[in-house]
Amino acid sequence: MRFANVPALALILATASAAAHADVVTTTTFESVSIPAAGYVSNAPPGFTIDGNFFNNSYNATWGTWSGWAISNQTAPTPAEIASKPNYAFQYSASPGKGADGSSNYAVAFGGSYINVSPGQSVYSMDVTNTTYDYLSMSKGDQFSKKFGAGDFFTLSIVGHDELNGAGATTGQIDFQLADFLGSNHYIVNTWDTVDLTSLGSARSLTFSLSSSDNGVWGMNTPAYFALDNFRTFVASAAVPEPASLAMAAVGFAAVAVLARRGRKRTAG
């Protein structure tokens, strides 16, 4: 009679050992950056530090040029603005017309952009999209780049590094198609799409590069921009027993104890 309850006891012990693994995710937005209405900030070297994550920025005051990351809150241009201005006038505009989840601020990447990940954090995911500049150039073409057709692509490559500033060994690479005309389902991204970064492991920094099917003697013709929002990192929590599991275990142990007592009584009789 005692041994008949061993499988039940094993099941109860297994249930008691079940644990919940809840990762603590931090979502970095850009709402804390002060920006003029319908404006942007592209002259903030060496960069922006938000939630411990560093977004690099380089600015040449002589020429008014920048690279790395700019922070913008520009909305979608009107049809009249698109008709009257060149496509490059919209380099700071995300193609959806606002930040992810309807937010105001977002980041725009151009040339040599990288992110140093907050100490103790691992990369989780991020939301990306095209800029309006890219979208118009690929969907309509302009004096610098072609209108996309069959066989064209525009790819964002994200590389993890085990040291800061894009140095050290790589931890992995993720390629995301910002435009894809290679198959039968042709598209140019104009919504915020989430990219899973967990395959990059314990990367200390991320670097970003863009490649296109449209190239000339001076390099890539497609504008080398993309927009980013909701950069997510996480800390894996320790295993914590679920309250429900503990309660089930307590009930189970009580049941086994009752059965054991009954077995002893019947044996004694």
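Here the sequence shown stands for residues -22 to -1, 1 to 247, numbered as in mature numbering (1 follows the signal peptide of the UniProt record, and there is no 0). Backbone N, C-alpha and C define an ideal beta-carbon position, used for all residues, glycine too.
With a beta-carbon spacing of about 6 Å, valine 3 and arginine 210 fall inside the 8 Å limit used to define contacts. Burial state of tyrosine 165 is exposed, judged by a 10 Å Cβ sphere holding fewer than 16 other Cβ atoms. For alanine 61, the uninterrupted alpha helix (DSSP H) segment begins and ends at 57 to 62. A Cβ-Cβ distance of about 6 Å is found for the pair asparagine 168 and asparagine 108, placing them in contact under the 8 Å criterion. Where leucine 114 is concerned, the enclosing alpha helix (DSSP H) starts and stops at 110 to 118. Here the C-alpha atom of tyrosine 111 lies approximately 26 Å from the C-alpha atom of glutamine 151.
Annotation for asparagine 208: the continuous beta strand (DSSP E) segment containing it runs 203 to 213. Between serine 135 and aspartate 192, the C-beta gap is not smaller than 7 Å, which leaves the two residues out of contact.
In the DSSP secondary-structure assignment, leucine 188 is bridged to Leu134. Minimum Cα-Cα distance from phenylalanine 26 among the listed residues Pro57, Ser62, Val86, Ala61 corresponds to Val86. In this chain, the beta strand (DSSP E) harbouring tyrosine 84 covers 84 to 88. By the neighbour-count definition (other C-beta atoms within 10 Å, threshold 16), aspartate 130 is a buried residue. DSSP links tryptophan 47 through a beta bridge to Ala87. With contacts defined by Cβ atoms closer than 7 Å, serine 96 and asparagine 31 form a contacting pair. The residue from Tyr203, Val195, Val213 with its alpha-carbon nearest to that of leucine 188 is Tyr203.
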